[in-house]
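First residue of the sequence shown? That's 1 in the working numbering, and the numbers climb one at a time after it. Where is the CB? At the ideal position from N, CA and C, for every residue including glycine. Working notes, beginning with the structure itself.
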Amino acid sequence: MSNQNNNQKDEIIQEGIEKGIIKIEDDKVIYPNGKSYNFKDPEEKVRARVFIELAVKYSYPVQRLDTEVYPPRREPKLPSDIVVYEDDAKEEAFIVVETKAESTVEKINEALREGLGNSNLLSAKFLYCVCGTEELIFDLKTKPSLSKLSDFRIQTVPINYRKIPKYKYKRGDPKWDLQKVDFNEL
């Protein structure tokens, strides 16, 4: 992973701290729901970054985001890393997010399996898997099976409960314009 990519991720974390979305104290990240986790865990850094992006980049209200959500009837008990809810009471799941620190095939498959299971149990409309540098977003409105999930992949996370965007990039918009990358990232 390049230094530029690491710097962008660090900037996102810093922005989240400055905006009061998260706090970092004694190697713990503290979310607005009061839950705290070990920030030295590489997967926790991914979750914190995605949590901040959901609030800042995708405009979801922080009070509708939750971490470590255990779906009903799930055995073994595998919580969703983040859930974006449609309501303040946190009863209607909109997006289930599964994060992994690495973007290996094994970790991606694990994230898809866990994320789809949790999404189905929570009746979420979208699944967002972030594994290291890999981001996969799926439209689950038709309840696809794991074997057919790739047919329902979409470009990006819907912004603030809107329709699915047709394009991921937008010229001239700092959040959505194409970014320069190092040759090693290609």
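- Within its own chain, the residues whose Cβ lies closer than 7 Å to the Cβ of GLY115, once the five positions on either side in sequence are excluded, are VAL96, GLU98, LEU127 and CYS129, listed in chain order.
- DSSP lists PHE138 as the bridge partner or partners of ARG153.
- With respect to the 8 Å criterion, TYR85 and GLU92 are classified as neighbours on the basis of their beta carbons.
- Listed in chain order, the non-local C-beta contacts of ILE17 below 8 Å within the same chain comprise LYS23 and ILE24, local neighbours out to five positions each way being set aside.
- Within 10 angstroms of the beta-carbon of ASN118 lie 16 or more other beta-carbons, which makes it buried.
- Just so you know, the alpha carbons of ILE137 and ASP26 end up roughly 33 Å apart.
- Note on geometry: alpha-carbon atoms of ARG64 and LYS77 lie some 22 Å from one another.
- Close CB contacts of PRO158 within its chain, under the 6 Å cut and outside five residues either way in sequence, are with ILE164 (chain order).
- ALA48 carries a helical assignment under DSSP once its states are collapsed to helix, strand and coil.
- Here GLU102 has CYS131 and GLY132 as same chain residues with Cβ atoms under 7 Å from its own Cβ, once five neighbours each way along the sequence are excluded.
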